[in-house]
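Here the working numbering is used: the first residue of the sequence shown is -18, the next is one more, and so on.
The next block holds one structure in the form of structure tokens; read it before the comments.
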Amino acid sequence: MSTVNGVCHHDCPDSCGWTVTVEGGVATKLRGNPDHPYSYGELCPKVNRFLDRVYSPDRILHPLRRVGAKGSGPFERISWDAALAEIGARLNSIIGEHGGEAVMPFSDAGNQSILATQGISDRFFNHIGATQLLRNICGPTVGAGVSMTNGSSLCADPLDLEHSRLILLWGTNTRLTNRHLWPVIERARASGARLVVIDPIRTLTADEADQFVQPLPGTDVAMMLAMMHVIISERLTDADWIAEHTFGFDELADHVAEWTPERASGECGVDADVIRALAREYATTRPAAIRTLIGAEHHEHGAMFYRTLACLPALTGAWRDRGGGLMRSVGSWQDRLVDGAALSRPDLLDGRVPRTLNMSRLGEILLDEQPPVRAMIVWNSNPLVIVPNAEKARLGMARDDLFTVVHEQFLTDTAKYADIVLPATTHIEADDVTPSWGHLWMGWNEAAIEPLGEAVNNSECFRRIARAMGLTEPLLYDDDMSVLKAALPTVDLDAMRRDGWVKVPFPADGRPWADGGFATQSGKVEFVSARLERDGHPALPTYTASGEGPASPRADRFPLQLMTPKHHTRFLNSGYSHLPKHGPAEGAPFVELDAADAAARGLGEGDCARVFNDRAALELPVRISRRLRPGVAAIPWGWWRHQHPDGMVANSLTNDTLTDWGGGVAFSDTLVQIERA
């Protein structure tokens, strides 16, 4: 018997440490590592049952070839040699006739470790000159917004919330999606901190707050501008810090003069006195922290949300204090250790500049892009569940002339449309390094068992595909440790492997911007951004109503705004819902409605409703909710197509309009109508 340490790889801010007990080559127990400096031995309900995933009878353990129609499900087992021969021949033929851009990768952070996300794959696609994929469906828009105010996406360490005396959790459901941060917040509250949750949905985090503020979806910027109005007009600013470390204050003051709390209330639906009181409390409490994550970026003006939010701590000088300022992902601090060029080797493009396509527009890419994408390789992702306007993407993947390879652990909705499915290892079957975007420890994951069946990790998968194509570039065949050493040139990998993790550099006093030093052109917080103006955006923080919102022409036909939140404790994005100890424990898909909206449609608890717009229609049972405001509906996402009665998913309905900048997508600016089915 042996015990092997590792780090959870999931796209979650917590990146917990785990230990795997192995007996006779079989993993018999997986538990939290009590020595991990962030998770301290606790795992979530998903990962506590991770071995059910590893040893599931539904695991793909051998290469498969589709033998039925795309999407229908029938596959036959084939050998790796046969699979690679077909892949190599098809890709070489497509590239020979149409060029490298006819091939497109599709992946995301299903496994966010370094080898899993970029191992050999980036080098492979650069070498063949493939279409480049903009992987901004979730996360990067936050940093893009903050950067237009602060010059970079770097923010404070969320663990310093322990020192805060006012915590605003803005658009983040911490107890569900960042569970290991919750004890830090509770310690702060025990020392006298007040917790305010601002969210369009009354989440389980909101239920525990000292105050809950519920703006209408996508209207937060109006509320922020009104808070600035109060802070400036009542002279609650930190004048010295503003004078030394900000640019454009006078213009901002003039700009927000018209944004009274009363005006903002008309947009966001929050009482003017509540906005006024919150602004005063924020400006007069030290340290005051704003904690946010990625949920609010899923609006057409998602980048402007974060650009505007980043102005608030600059007005009050909150950056002076440990436990003050803005706290979002700390992945950008981890990224400073990663040599991205050594990992992906852009020099392999050899002067070519392939097109770049946004993953959020997969349907448009596969149906409308010219010249067409003729081959797609998918790993670390289940696009037919995660992308917006998913029915259009499904039609694209059903093309007979699209050659699709999927590297996977299970026969997902996406894998059912593949021509060839290749077996992927789970995280306890592969060595890797896992950065975190929720804390400052980068972790080593040690393989605990040999790969089951014929499964291989992602880097080995791409080495095999390269070999099958006859590619001779040596960089495509580097072993995993060589890739990691190149990617992490300043990290002692032997020490990380021995200790389990390394803490990335961060200011010791927890005050990264106390004395300024912002990475903007001016070196200051930029209330006025010349760069935004050059790019065709407002130079100042500006509220703009969504093009698919309650004030848009579409609202005449589709009067309800649809949210698709993370709701389940046993799911992670599109993962786990298919497993027997996860999906059934969460029940089944449903649509939530406020009682008034349900009554107006003659709907009661449990009734079957038709939820529809121009993109799709779903039939779902109704839940009468006290979590939503009138005019808002919610369908929790993460369920697969076979779990919906009509074979759709929540994202069949959602909007694929891209965000103002940053490359994100407006999932939450989606209008629907609901009627009795």
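C-beta atoms are modelled at their ideal positions from N, C-alpha and C, and glycine is treated no differently.
Taking C-beta atoms as the reference points, residue 647 and residue 640 count as a pair closer than 8 Å.
Burial is judged here by how many other beta carbons sit within 10 angstroms of a residue's own beta carbon; residue 74 has fewer than 16 and is exposed. Excluding sequence positions up to five before and after residue -11, its CB lies within less than 7 Å of the CB of -4, -3, -1 and 28, all in the same chain and listed in chain order. Taking C-alpha positions only, residue 400 is separated from residue 347 by approximately 16 Å. Secondary structure of residue 268 (DSSP, three-state): coil.
In this structure residue 581 is exposed. Its beta-carbon is surrounded by fewer than 16 other beta-carbon atoms within 10 angstroms. In terms of Cα proximity to residue 613, the closest of 198, 560 and 164 is 198.
Burial check for residue 287: the Cβ neighbour count within 10 Å reaches 16 or more, so the residue is buried. In summary, residue 292 is buried, with 16 or more beta-carbon neighbours lying within 10 Å of its beta-carbon over all protein chains present.
The criterion of a C-beta distance shorter than 8 Å is not satisfied by residue 112 and residue 507.
Counting other Cβ atoms within 10 Å of its Cβ, residue 585 stays below 16 and is therefore classed as exposed. Under DSSP, the beta-bridge partners assigned to residue 606 are 575.
Per DSSP, residue 441 is one residue of the alpha helix (DSSP H) stretching across 439 to 449.
Runs of the beta strand (DSSP E) spanning 3 or more residues and lying entirely within the segment 374 to 426 occur at 384 to 389, 401 to 404, 413 to 415 and 422 to 426, in chain order. Rounded to whole angstroms, the gap between the alpha carbons of residue 562 and residue 653 is 32 Å.
Assignment of residue 91 by DSSP, reduced to helix, strand and coil, places it in the coil class. Judged by DSSP in its simplified three-state form, residue 334 adopts coil rather than helix or strand. Residue 10 carries a strand assignment under DSSP once its states are collapsed to helix, strand and coil. The distance from the Cβ of residue 283 to that of residue 645 is about 5 Å, consistent with a contact at the 8 Å cut-off. Taken through DSSP and simplified to helix, strand or coil, residue 86 comes out as strand. A straight-line Cα-Cα distance of about 15 Å links residue 388 and residue 365. Under the DSSP definition of a beta bridge, residue 593 partners with 598 and 654. Looking at 651, 558 and 273, the one whose alpha-carbon comes closest to that of residue 533 is 651.
At the C-beta level, residue 379 and residue 52 come within 8 Å of one another. The C-alpha of residue 309 lies about 31 Å from the C-alpha of residue 559. Minimum Cα-Cα distance from residue 414 among the listed residues 396, 447, 465 and 377 corresponds to 465. Looking from the CA of residue 99, the closest CA among 193, 323 and 406 belongs to 323. According to the DSSP secondary-structure assignment, residue 58 is paired through a beta bridge with 45.
Secondary structure of residue 286 (DSSP, three-state): helix.
Here residue 275 has 119, 120 and 123 as same chain residues with Cβ atoms under 7 Å from its own Cβ, once five neighbours each way along the sequence are excluded. Following the DSSP letters along the chain, one finds residue 295 inside the alpha helix (DSSP H) bounded by residues 292 to 297.
Nearest to residue 371 by alpha-carbon distance, out of 354, 342 and 127, is 342.
Across the structure, residue 329 and residue 377 are spaced so that their CA atoms are roughly 30 Å apart.
Per DSSP, the continuous alpha helix (DSSP H) segment holding residue 515 begins and ends at 511 to 515.
Contact between the segment 169 to 188 and the segment 132 to 149 is present: 3 or more CB-CB pairs across the two stretches fall below 8 Å. Looking at the backbone, the Cα of residue 476 and that of residue 529 are separated by about 52 Å.
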